[in-house]
Structure formats: C-alpha cells, structure tokens
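One structure below.
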Amino acid sequence: MTPEVGAAAIRDFRDTFAAVRSEVGRVVIGHQPAIEAILTAFFAGGHVLIEGVPGIGKTLMVRSLADALSLSFSRLQFTVDLMPADVTGTRVIEEGGDGRRSFVFVPGPVFAHVLLADEINRATPKTQSALLEAMAEQQVTVAGTTHPLPAPFFVLATLNPIEMEGTYQLPEAQLDRFVFKVRLAYPSQAELERILASTTVADPPTTAPVLEPATAASRALELRRLVREVVVTPQVERYAATIVLLTAPTEAADDLVRRWVAHGASPRGGQALLLGAKVRALLDGRPHVTPDDVDAVAHASLAHRLVLRFAAEADGADPHRVIDAALAGARRSRG
Amino acid sequence: MPGSTSSLQPILRQLRRVRRRWNTRELARAALSLAAASGIIGALLVLAALATAPRRFAAAAALLAVAWAASAVTIGLATRRRWLRRRTAHRQVDRHARLGGRLATIVDLGTREDSALRPLLAAESAAILPLWDAERLVPRRAPAGALAAAAAGAGALLAAVALAPTLLPPPGPTILVRDADASRLPMRPGSRTALPRGGAVAEMKSPSAPDEADDSLLGGIADALQYRLHRELWGEAEAVRAQEMARAEEPAPEPAPEPPRADARSRDEGGESTGRVEPGGETGEPEGEGAEVASNGGAPDAGSPDAAGETRSGGGTADGAARGAGTATSPDLYGAPTGVIHRAAAPFTLGLTAKVHVTGGGPRPPTGDTPLQMPDANPALAENPGEAIAVPHAPVPPEFAAVVRRLFEREP
C-alpha cells in the first residue's frame, strides 16, 4: 500500500465512521460515547455488551446502526424458555415436489450481520452458550453441519441491571467474548426533552444508509481489515500487555488489585485493548497506535473481564478503579 | 527492508543532531544555573562575612554551604531528567515537538515491516522532519532564563562586593601590633590618646591559628574564610582589626574558681594559654619592648599545682598583689588576660582589654589602704629562682614606644 493509498484509506475510514455516528445520532438522542464505543467495537471486529435500564434506547440504537451500515439486522428477545435452536436455527422436514422428504436447515436469527440479543441474561446458560459459540466461531453447527455466519457478524447483547430475579448471570468466560461493555447512562433533562420531542411526532427521524446496500458488507470488512493494518510498535504492545497483567493479582500488581481482584483480564482482553486502540488511532488520522490510544479504550475493554473478590464488594469497589491502578502502574513502568 | 532503512537514516541523523544540541543546551543551563546559585550564595556569604561576628558567620557559612550543595544536587537532577538519552531521545523529542507519536513509532519499529500502513508512516515521518529540526527545537544554545539568573547572581555578588566599604566597623579602642610588620599598624589617631594607664598586653591570635572559641574544623575554616574575605575587601589592616573587635565583643569565658593558694593564682581560662605582663620588666627599652610577656605556652589544668607554678611568673599573691610590683596594683586589674600564643610571625595586640572597650572607660584605680604584704609562703623559691625561661619580646614600633611605656609605667 503506497502512502497515498494508505492516507486515502484512513480518510475513508474516518469519513465512514463519522457519517455512521452522525446518522445514528440523528435518531438516538445523547449516548454519543456509547455510540462511538459500539462503532469502535464493530470496526475492531468484536461484539458489545450493553447495560442499561429498559426504555433507554438500546434497541433503537442497534437498529439505527444496522440501518446506517446497510447491514441485515435481527433481534432476539432472550427468555427463560428460549432454546438453542431458536437462536441458531434448526432442521425441519420438508417435502419436495416429488413427495420425497428431507431435512432442511432453517437459519435462526443469528444469521444476520447485526444481531440484537435483548436481555441475554434471561435465557438459560445452554441457550446463552449457543449464541456465545456463534460469536466466537462466526459459525454454527447444527446436526453435524457447520453453517458459517454472514460476515461481518456483530452481536449487541443487552443486560438489564434491574429485575435480576430469574436471570442467569453470564459466566466470566462468556463475558470475555465481548470486546467492550458499554453502560448506557440515563439521559439528561435536555436530552430527554429532545427525545420526547423527536419521537412523538408523526414522522420520527430515521436513519439513512451510509454504505451502499449492495457492497455494505464488503466495505465493512475492508474497513475492519484496515484497522488490523495499523502499525503498533513493540513498545506499545508491551504497554498493553503490562496493563493486562497488572489487572491480575500478581506480585507486580498494585496492592489494591491484589486485595480486590480474584482473576484479571485475559489475553483476549489484551487483544480487545489493542484492536480498540487501533480504531482510535485511525479516527485520529494516524497509521500508528500510541499509548494514549490504549489508555482511551482500557476501561471499556477490560473492566467487564475482571472477577472481583468479596473484599471488593465489601469495600464497594469498582472495576474501573482496578483499571486505573493498572494504567498507573503501566505508565510508571513505561517511564 | 532496504527501503525502511533508507527512510530511517535521515531521521536518525537528525535525531543525533537534536540530541547533541539539546544536551549542549542542558549543560549550559546547568552551568548557568550553578553560576546563578553560586553568585547569590556568594553574595550572601560576603554580606555575612562583613556584617556578622565569627560565630554567626560560621553558622551562616555552614547554612550557605548546605544551600549551595542542595542547589547543585537539584540542578544536577534536573539536568539528568532533561537529558536526552540515546535510547529514549526519540520519544522525548516526539513529546516535546508534539509529533503525535510518529517519530517514536518509526524509530521504535526500526526495520520491522509487518503493516501495509508502514510506508504511510515513513512518508509522514519524513514530511515532519522540519518540525523537529535541531535549530527549531533548540533555538538557543543557552537558555535565556538561566542566562538571566546567572547575570542576576553575578550582579548580586558584585553588589555585595561594592557594599563592602560601607560595612566597615566603626573605629574601636583596640590597638593592634604585628610582630612582623609594625609599620602596618592600623592605629587610629583618636585611639592613641584614649589609651588608659596601665593595662595588659593581650596578644591577638593569628587568623590562621585555631579559634579559641570554636576550635572545630568548621569553625577554623569559617574563621579563615571570614578573615580572607575581610582582607580581600577591606585590606589586611582592617581585616585584622575587624577580627579583633569581633573577638572582643564576644562574651569572655567564665574564669575557673581560684584555688586558695598564697603564692600563685591559676590563670587557666577554659584551657586557653595565658600570658601576663611582667610589671617590672624592660619597660624602658627604647626599642619599645616595654612589655615583657611570659608564657607557659600551654594549657594548664585549672587548679593544678603545676599549672599554677608555671604561670606565676609575676609572683602574684593570694590577694591579687603582684609580688614584684608592690601591693598597689593587682596584675589582673583590667581583667583576666586573653589567650597568648607566642609566635614569631603572629600579630598581637596591646589591647585596652575588653572591659575598657565595653564600658567605654578605663578601670577604676584601686581605693582604700594598701593591703599588707603577705609573708612569703615559700621563701626557698625566692633564693633559688630556678632556670630563667626565655620569653619572646614583642617588638613595638617606635611611634608607639611612648604609649607602651606609659601603659606599663607603675605608680611609685
């Protein structure tokens, strides 16, 4: 890639990102950091866990994103009686014109570019696992047959922080599959007023597609590939690795980390950290990652991967304080 | 790989130039800062030397020495912190010039080529070379702030030196005599007439001699330094006078309790060596050696019989009367003699004694009846005086001969 092509690719990435963000922002009032984090995760090739109270605009946000990217969208409401086949699809007997019957695979809702897994913690672990396997492998296997999922495949799962009764908390191994966890804050007075004004009219705002529907998927994949081409020096890689290691209760970790953390972030967390940093670098128009990019995505990519001790709960600890301590330690070691 | 190497070479060359220029400036900054600190501390030292007593000057000099050392350490640490090291120079320059990590990344990557965006990074790094050019990044070899500080320090030192004449102490009643060069005697006209009758010969300590009051190494160094500053700024004569005056102002040490001895008194003053006027000495010599000074040259223990025996050169009695001078005047009438260390080249003073200086008048003459002469406690000693002890004669310049003669004249 020549320098001119590289510069044009970065410009295209920034323009696309900004256009999608703007389109989603026309429909979703507020939540700009969340929209940016979700888009960052999309281009980093990961999935996002969204936590927010009901009615805050989670579904609207995901649908708007799919519309802006001109990608297929499906929504799956997770309930306690939802079965894995309801997620992945199943085989049904179909009778042909000649009267012969055969099994035919009917794809489930997971076969979409953008999947909204609403209230994922309401489904049983078995059903959750079916989705999480699809997220990790980008494919589902039904009756011995593997079916690849459409690329890009992007899952946005939501968690309702209230009404925890009858829910199945996501195991740490499954939480680890999400690149980012985004918390949707309650809208401010001004934002709420704008929401009320814009959603109660005859023609509420809609999202216009940013990418051409025919080439949207391939364009999205190109942009994802560009993210992976961003230059990272060994020093920045070392810095990211140090942050990840300092979230674990090792000898090198901060006292606070050793007291509060049972298990630190995984290597997958480090991957998320670096991929998110690469997207940040491109958004800044740079072909290379700096430690500041890593810092910017550390909280979103690592906080949900930490397993805290009871001492942390007793102290009212926040995983973000652990991340702050790890960042401070990594900065000290960087010098 | 060759492409990346060739694109890296100009960057590394420029980085070396920047390092050289940057570090040269840091050295200049350190030197100027040190000069500034030295100038200011030197000015304070000069002022302290000119305006304070030796004891206070010693404390001030110690404080200023500590301050200078602290300044030097601080400057050294700051220079170390700002120093561009070979391994981290590219990151420091990147931060300083706000290059967005481009320089740091391209240098850290070295020849590693595993990204399609590497050529873009190399091109951008080449394009921003003028942004961190050595002359642009380090426009001046000497930082203006440090230069101004150094000038201020030098100015402060010069101002202190210029102020020196105004800090000369007022003329006092002390007469100073030097063995080696009596012609340089800094006697003031007014003080010649103010000489009281009688008095003791007090030898002024040589500046290089150990301090009586503070005989520690630091005190000795401070004393010598203060004397040297006085000599450089005021001249030698004023320096000697200032030191003697300062010493006279210092509180005299408490005399040791006198033992009930009939024939001798202890002269011990806190371990100092003692000297005494020999009243019946060679006061009439035309060369002005009117004061025959006896010295034991040591530091006898208070109350020690040996010490008492050694110091009784004048043959003092228990009631204070000098045996050879009759009973009219006590040899200690004007106070205990100051320490005496006879050295050939050491200057000494014919002091009017501290009491004269402090009270502004001479001691009162003795009143009442002359006490009866006490019987000799040890007549055998009078018959066999023992071996004469050679004592140095203090040469007194001719112009002071009359004064000295009057000083040691005895009442009939």
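Chains A and B supply the protein sequences, listed in that same order. Convert by adding 313 to the 1-based position in the first sequence; the result is the number in the numbering used here. Convert by adding 90 to the 1-based position in the second sequence; the result is the number in the numbering used here. Every residue gets a Cβ at the ideal spot worked out from N, C-alpha and C, and that includes glycine. Here the structure is a predicted model, which means the values were calculated and not measured.
Where residue i falls: helix, strand or coil (DSSP)
i: P465 of chain B; result: coil
i: G235 of chain B; result: helix
i: S385 of chain A; result: coil
i: E489 of chain B; result: helix
i: A144 of chain B; result: Rather than Ala, the amino acid found at residue 144 of chain B in this sequence is Pro. Of the three classes helix, strand and coil, the one that applies to P144 of chain B here is helix, per DSSP.
i: L428 of chain A; result: strand
i: A575 of chain A; result: strand
i: H344 of chain A; result: coil
i: T480 of chain A; result: coil
i: Q452 of chain A; result: strand
i: R644 of chain A; result: helix
i: E564 of chain A; result: coil
i: V620 of chain A; result: strand
i: E499 of chain B; result: coil
i: E203 of chain B; result: coil
i: G388 of chain B; result: Residue placement at G388 of chain B is poorly supported in this model, since its pLDDT is 37, which falls under 50; the coordinates still yield a value, given next. Correct three-state label for G388 of chain B: coil.
i: L124 of chain B; result: helix
i: I369 of chain A; result: coil
i: P518 of chain A; result: coil
i: L319 of chain B; result: helix
i: G358 of chain A; result: coil
i: M374 of chain A; result: helix
i: N474 of chain B; result: coil
DSSP bridge partner residues for residue i (one or two, in chain order)
i: E535 of chain A; result: According to DSSP, E535 of chain A bridges with nothing at all.
i: I363 of chain A; result: A:T471 and A:V495
i: Q441 of chain A; result: Paired residues: none, contrary to the question.
i: T403 of chain A; result: A:V419
i: H601 of chain A; result: A:V544
i: E408 of chain A; result: A:R414
i: Q390 of chain A; result: A:D431
Range covered by the alpha helix (DSSP H) that runs through residue i
i: H180 of chain B; result: A179 to A187
i: L595 of chain A; result: P580 to L596
i: V543 of chain A; result: First-last for V543 of chain A: undefined, no H or E at that position.
i: P604 of chain A; result: P604 to L615
i: R507 of chain A; result: Q502 to T512
i: L174 of chain B; result: Counting along the chain, L174 of chain B falls outside any alpha helix (DSSP H), and DSSP gives it neither H nor E.
i: L211 of chain B; result: R208 to A217
i: E485 of chain A; result: E485 to L488
i: L227 of chain B; result: A224 to L227
Per-residue burial, residue i [other beta carbons within 10 Å of its own, 16 or more giving buried]
i: G629 of chain A; result: exposed
i: Q487 of chain A; result: buried
i: E334 of chain B; result: buried
i: G582 of chain A; result: buried
i: E542 of chain A; result: buried
i: T440 of chain A; result: buried
i: V446 of chain B; result: Residue placement at V446 of chain B is poorly supported in this model, since its pLDDT is 43, which falls under 50; the coordinates still yield a value, given next. By the 10 Å Cβ count, V446 of chain B comes out buried.
i: M277 of chain B; result: A caution first: M277 of chain B carries a pLDDT of 42, below 50, which makes its placement in the model unreliable, though a value can still be read off. Flag for M277 of chain B reads buried.
i: S505 of chain B; result: In this structure chain B extends from 91 to 502, so residue 505 of chain B is not present and cannot be described.
i: F490 of chain B; result: buried
i: E478 of chain A; result: exposed
i: Y552 of chain A; result: buried
i: P367 of chain A; result: exposed
i: V514 of chain A; result: exposed
i: R499 of chain A; result: Residue identity differs from the one stated: residue 499 of chain A is Tyr in this sequence, not Arg. With fewer than 16 Cβ atoms within 10 Å of its Cβ, Y499 of chain A is classed as exposed.
i: G245 of chain B; result: exposed
i: L382 of chain A; result: buried
i: T458 of chain A; result: exposed
i: P580 of chain A; result: exposed
i: H617 of chain A; result: buried
i: G388 of chain B; result: A caution first: G388 of chain B carries a pLDDT of 37, below 50, which makes its placement in the model unreliable, though a value can still be read off. Counting Cβ neighbours within 10 Å, G388 of chain B comes out exposed, since fewer than 16 surround it.
Cβ distance (whole Å) where residue i is taken to contact residue j below 8 Å
i: A449 of chain A; j: R413 of chain A; result: About 37 Å; that fails the 8 Å criterion.
i: R181 of chain B; j: E116 of chain B; result: No, R181 of chain B and E116 of chain B are not in contact; Cβ-Cβ is about 17 Å, not under 8 Å.
i: R327 of chain A; j: L596 of chain A; result: 6 Å
i: D431 of chain A; j: T372 of chain A; result: 7 Å
i: V602 of chain A; j: V545 of chain A; result: 5 Å
N-terminal and C-terminal residue of the beta strand (DSSP E) that residue i is part of
i: F416 of chain A; result: R414 to P420
i: H460 of chain A; result: T458 to P461
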